[in-house]
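Enquirer: Residue numbers (the working numbering), protein chains in the order written: chain S, 588 to 838; chain U, 105 to 437.
A single structure is presented below for examination.
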């Protein structure tokens, strides 16, 4: 039986009078690849931002490995073992590919050190290279990040998230803006990542989501509409009505 | 890149190598250049001013150039360093070697206070909060005239000699004075280089590049900004201490927002985000002031026009533009 890694209990979020999320109760087991889907405005990003500490919930509690996360700033989430990527590519554009990942690696250990030379921290550099190897970017380590192709920048962002060795990796639309070839490469990367850690994915490409995920959550109007295995979701009439019917041709 | 003539082509890699070597030995190069400065400029007084403002602007560059936080209030730390050095010597009779560390420590505490408030804001609000708080310091100095001399400035303290390990150095001699003050500059330059080379130096670059991503990597961005604000204030305060020792008076204007504006201009002229930019900017600004003010009392018009030209056509400043022309050196900026 798999152990519970993250649990959300009655999570809700209001923006003024607008209710973006309401009463979401769900738990995520270690080692599972789960996708969150839903039409635009369903509350996916809001939920994702709450799970990664970017937003605080208005109601409900969040527990990671049994410990409460409510009230912690976002950077503490990373130190607890939750790391994320963003829907819009979010890297350090003027830094080299290697430095992008190396600076993320050092956040876990030597953030405020002004006495040592960063060049002497060989172990961090090796960890950065290992993360770059994992996403297939080691050959680009010396290039400036802003000059990478879009798909490579997305992979770099995953390497940045990966280098902190998170137990839970949150990926917000990792194939956004990618063509079929780049998407194929990204799917292969996601499959490799999911072999070793818990992955939570927000995606719009339905064929990809249903083919890749072990579990799918469907949000609609800020509520949890369905939660199950891909086959169950595919045949769920409510899901077909609100989402899948609109998505034919994706992926 | 435009094609090079056959004669010029081999020269470019060599120039790049030279620039890269300069960048790799930036502390040593800075010290050699500063050691030669009194003999290259028309007066020793001008060289001392370049030295002092270079340190102040270098401290400011840590915040503005490397971290991307545009403060309009750095005169507060420059001035506080100067005032407290003068008060410690003149009123409490402390020797200079005790007064200077005390002044730097107190200025760093002030930077912690101002930084705690200002780093909670972003963009133009950050700039305005630093400006407002620095003006608050100005008005405190204006009102507390029994301590600061008010609008007449702080007077009544003179350092006429310094005792270095038993060696009495006549501080009234301009050459002696320059090289004693250069020891303070050397300390500031070494500290700045150390910070930039450290893991924390990588963090502040990351914050400048993408604050949201830095936070998502696990950095406490607000705390990092506060630390860099304090370090920046401390280095600028060293310049203030040097100014007090040099002039034996502290004019009230040192705390005025015009001084903060001058610091911003100097860093933009020399090149923000570059190690040598602050000293180059300070030198260019002060030389321009020195030369143009001989011809017209309205020297600010000429300097202002040149500054506008830089902002429009050379936004990376003198050293930044030079680095762009020589890409190999850019990596080591």
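Glycine is no exception: its CB is placed at the ideal position from the N, C-alpha and C atoms.
Bear in mind that the values here come from a model prediction, so they are computed numbers and not experimental data.
#1: How is the alpha helix (DSSP H) around residue 339 of chain U delimited, first residue to last?
#2: Does the Cβ-Cβ distance between residue 786 of chain S and residue 688 of chain S come in under 8 Å?
#3: By Cβ distance, which residues of its chain are closer than 6 Å to residue 424 of chain U, with the 5 residues on each side in sequence left out?
#4: Return no unless some Cβ of chain S is closer than 8 Å to the Cβ of residue 209 of chain U.
#5: By Cβ distance, which residues of its chain are closer than 7 Å to residue 187 of chain U, with the 5 residues on each side in sequence left out?
#6: Would you please verify whether the beta carbon of residue 305 of chain U is less than 8 Å from any beta carbon of chain S?
#7: Excluding the 5 residues preceding and the 5 following residue 153 of chain U in the sequence, name in chain order all residues of the same chain whose CB lies nearer than 7 Å to its CB.
#8: Can you give, in chain order, each stretch of the alpha helix (DSSP H) that sits fully within the region 196-230 of chain U and has at least 4 residues?
#9: Are the region 301-310 of chain U and the region 327-336 of chain U in contact at 8 Å, needing three or more beta carbon pairs?
#10: To be precise: take each residue of the region 660-679 of chain S, compare its Cβ to all Cβ atoms of chain U, and keep it if any distance is under 9 Å. Which residues remain?
#11: Within the 8 Å Cβ cut-off, does residue 600 of chain S reach chain U?
#12: Let me know if residue 602 of chain S comes out buried or exposed under the rule of 16 or more other beta-carbons within 10 Å of its beta-carbon.
#13: Please report how far the alpha carbon of residue 401 of chain U lies from the alpha carbon of residue 392 of chain U, in whole angstroms.
#14: Taking all protein chains shown into account, do 16 or more other C-beta atoms lie within 10 angstroms of the C-beta of residue 112 of chain U, making it buried, or fewer, making it exposed?
#15: Consider the Cβ of residue 111 of chain U: report whether some Cβ of chain S lies at a distance smaller than 8 Å.
#16: By the 9 Å beta-carbon criterion, what residues does the region 698-710 of chain S contribute toward chain U?
#17: Are the beta-carbon atoms of residue 692 of chain S and residue 671 of chain S separated by less than 8 Å?
#18: Closer than 6 Å by C-beta to residue 673 of chain S: which residues in its own chain qualify, once you throw out the five before and the five after it? Chain order, please.
#19: Taking only three categories from DSSP, how would you classify residue 697 of chain S?
#20: Could you tell me which chain U residues have their CB closer than 7 Å to the CB of residue 712 of chain S, listed as they occur along the chain?
#21: Would you be able to state if there are at least three C-beta pairs under 8 Å between the region 676-687 of chain S and the region 314-325 of chain U?
#22: Residues in the same chain with beta-carbon distance under 8 Å from residue 617 of chain S, minus the five sequence neighbours each way, listed in chain order, please.
#23: Leaving out five residues before and five after residue 133 of chain U in sequence, what residues of the same chain have Cβ atoms less than 7 Å from its Cβ?
#24: Using the Cβ count rule (16 or more neighbours within 10 Å means buried), how would you classify residue 612 of chain S?
#25: Which residues, taken in chain order from the region 369-391 of chain U, show a beta carbon closer than 7 Å to some beta carbon of chain S?
#26: Taking beta-carbon pairs under 9 Å, can you tell me which members of the region 733-747 of chain S lie near chain U?
#27: Quick check: is the beta carbon of residue 302 of chain U nearer than 8 Å to any beta carbon in chain S?
#28: Comparing the C-beta of residue 829 of chain S with each C-beta of chain U, is any distance below 8 Å?
#29: For the region 810-823 of chain S, list every residue whose C-beta sits within 9 Å of some C-beta in chain U, in sequence order.
#30: Against residue 324 of chain U, what residues of chain S qualify as contacts under a CB-to-CB distance less than 8 Å, listed in chain order?
#31: Would you mind working out which of U:373, U:406, U:147 and U:352 sits nearest residue 416 of chain U, comparing C-alpha positions?
#32: Tell me, to the nearest whole angstrom, how far the beta carbon of residue 342 of chain U is from that of residue 292 of chain U; I am working on the premise that it is less than 8 Å.
#33: At the level of alpha carbons, what is the spacing between residue 808 of chain S and residue 624 of chain S?
#34: For residue 321 of chain U, would you say it is in contact with chain S, using Cβ-to-Cβ distances shorter than 8 Å as the test?
#35: Which term fits residue 605 of chain S, buried or exposed, when burial requires 16 or more other beta carbons within 10 angstroms of its beta carbon?
#36: Looking only at C-alpha atoms, which of U:171, U:163, U:203 and U:161 sits nearest to residue 345 of chain U?
Expert: Once the coordinates are examined:
#1: For the purposes of this step, residue 339 of chain U is identified with residue 235 of the second chain, where counting begins at 1. 325-351 is the span of the alpha helix (DSSP H), which, as asked, contains residue 339 of chain U.
#2: Residue mapping note: residue 786 of chain S aligns to position 199 of the first chain, counting from 1. Residue mapping note: residue 688 of chain S aligns to position 101 of the first chain, counting from 1. No, Cβ-Cβ distance for residue 786 of chain S and residue 688 of chain S is not below 8 Å.
#3: Along the second chain, one-based indexing puts residue 424 of chain U at 320. Cβ within range, chain order: 375 and 378.
#4: By one-based count along the second chain, residue 209 of chain U stands at place 105. Not an interface residue.
#5: As a working note, residue 187 of chain U is residue 83 in the second chain. Cβ within range, chain order: 245, 252, 258 and 354.
#6: Within the second chain, the letter at position 201 stands for residue 305 of chain U. So, interface residue.
#7: Stepping through the second chain from its first residue, residue 153 of chain U is reached at position 49. Result list for residue 153 of chain U: 390, in chain order.
#8: Fully enclosed alpha helix (DSSP H) runs of no fewer than 4 residues occupy 200-222 of the region 196-230 of chain U, in order along the chain.
#9: Judged by Cβ distances under 8 Å, the region 301-310 of chain U makes contact with the region 327-336 of chain U, as three or more pairs qualify.
#10: For the region 660-679 of chain S, which is checked against every Cβ of chain U, the residues closer than 9 Å are 660, 661, 662, 663, 664, 665, 666, 670, 671, 672, 673, 677, 678 and 679.
#11: Position 13 of the first chain holds residue 600 of chain S. It does not; no Cβ of chain U falls within 8 Å.
#12: As a working note, residue 602 of chain S is residue 15 in the first chain. By the neighbour-count criterion, in which a residue is buried when 16 or more other Cβ atoms sit within 10 angstroms of its Cβ, residue 602 of chain S is exposed.
#13: Residue mapping note: residue 401 of chain U aligns to position 297 of the second chain, counting from 1. Residue mapping note: residue 392 of chain U aligns to position 288 of the second chain, counting from 1. One C-alpha to the other measures close to 12 Å.
#14: For the purposes of this step, residue 112 of chain U is identified with residue 8 of the second chain, where counting begins at 1. Annotation note: pLDDT 46 at residue 112 of chain U (below 50); position unreliable, no value reported.
#15: Position 7 of the second chain, counted from the start, is the residue given in the question as residue 111 of chain U. Low local confidence applies: a pLDDT of 44 at residue 111 of chain U is under 50, so the model's placement there is unreliable, with the coordinate-based value given in what follows. Contact with chain S is absent for residue 111 of chain U, since none of that chain's Cβ atoms lies less than 8 Å from the residue's Cβ.
#16: The region 698-710 of chain S vs chain U, Cβ under 9 Å: 698, 699, 700, 701, 702, 703, 704, 705, 706 and 708.
#17: The residue given as residue 692 of chain S occupies position 105 in the first chain. The residue given as residue 671 of chain S occupies position 84 in the first chain. No, these two residues do not count as a Cβ contact at 8 Å.
#18: Within the first chain, residue 673 of chain S is the residue found at index 86, counting from 1. Listed in chain order, the non-local C-beta contacts of residue 673 of chain S below 6 Å within the same chain comprise 759, local neighbours out to five positions each way being set aside.
#19: Taking the first residue of the first chain as 1, we reach residue 697 of chain S at position 110. In the three-state DSSP reduction, residue 697 of chain S falls in the coil class, being neither helix nor strand.
#20: Counting from 1 along the first chain, the entry for residue 712 of chain S is found at position 125. Correct list: empty, because the minimum Cβ distance to chain U is about 11 Å.
#21: The region 676-687 of chain S and the region 314-325 of chain U touch, with three or more beta-carbon pairs separated by less than 8 Å.
#22: Working through the first chain from its first residue, we reach residue 617 of chain S at position 30. Answer for residue 617 of chain S: 589, 590, 591, 592, 754 and 785, listed in chain order.
#23: Walking along the second chain from the start, residue 133 of chain U turns up at place 29. Shown here for residue 133 of chain U: same chain residues with a beta carbon closer than 7 Å to its own, the five before and five after excluded, namely 126 in chain order.
#24: Taking the first chain and counting its residues from 1, the one referred to as residue 612 of chain S is at position 25. By the neighbour-count rule (16 or more Cβ atoms within 10 Å), residue 612 of chain S is not buried but exposed.
#25: The residues in question: there are none.
#26: Correct list: 744 and 747.
#27: Reading the second chain from its first residue, position 198 is the one you call residue 302 of chain U. True, the Cβ-Cβ gap to chain S drops below 8 Å.
#28: Along the first chain, read from residue 1 onward, the residue named residue 829 of chain S stands at position 242. Output row for residue 829 of chain S: interface = no.
#29: If the cut-off is 9 Å between Cβ atoms, the region 810-823 of chain S has nothing near chain U.
#30: Stepping through the second chain from its first residue, residue 324 of chain U is reached at position 220. Neighbourhood of residue 324 of chain U in chain S, by CB distance below 8 Å: 660, 662 and 698, in chain order.
#31: Position 312 of the second chain holds residue 416 of chain U. Of the candidates U:373, U:406, U:147 and U:352, the one whose C-alpha sits nearest the C-alpha of residue 416 of chain U is U:373.
#32: Here residue 342 of chain U corresponds to residue number 238 of the second chain, with the count starting at 1. Here residue 292 of chain U corresponds to residue number 188 of the second chain, with the count starting at 1. Indeed, because the Cβ distance is near 5 Å, the residues count as touching under 8 Å.
#33: Walking along the first chain from the start, residue 808 of chain S turns up at place 221. Walking along the first chain from the start, residue 624 of chain S turns up at place 37. Spanning the two alpha carbons is a distance of roughly 12 Å.
#34: For the purposes of this step, residue 321 of chain U is identified with residue 217 of the second chain, where counting begins at 1. Closer than 8 Å: yes.
#35: Taking the first residue of the first chain as 1, we reach residue 605 of chain S at position 18. In summary, residue 605 of chain S is exposed, with fewer than 16 beta-carbon neighbours lying within 10 Å of its beta-carbon over all protein chains present.
#36: Taking the first residue of the second chain as 1, we reach residue 345 of chain U at position 241. Selected option, being the one with the closest Cα: U:203.
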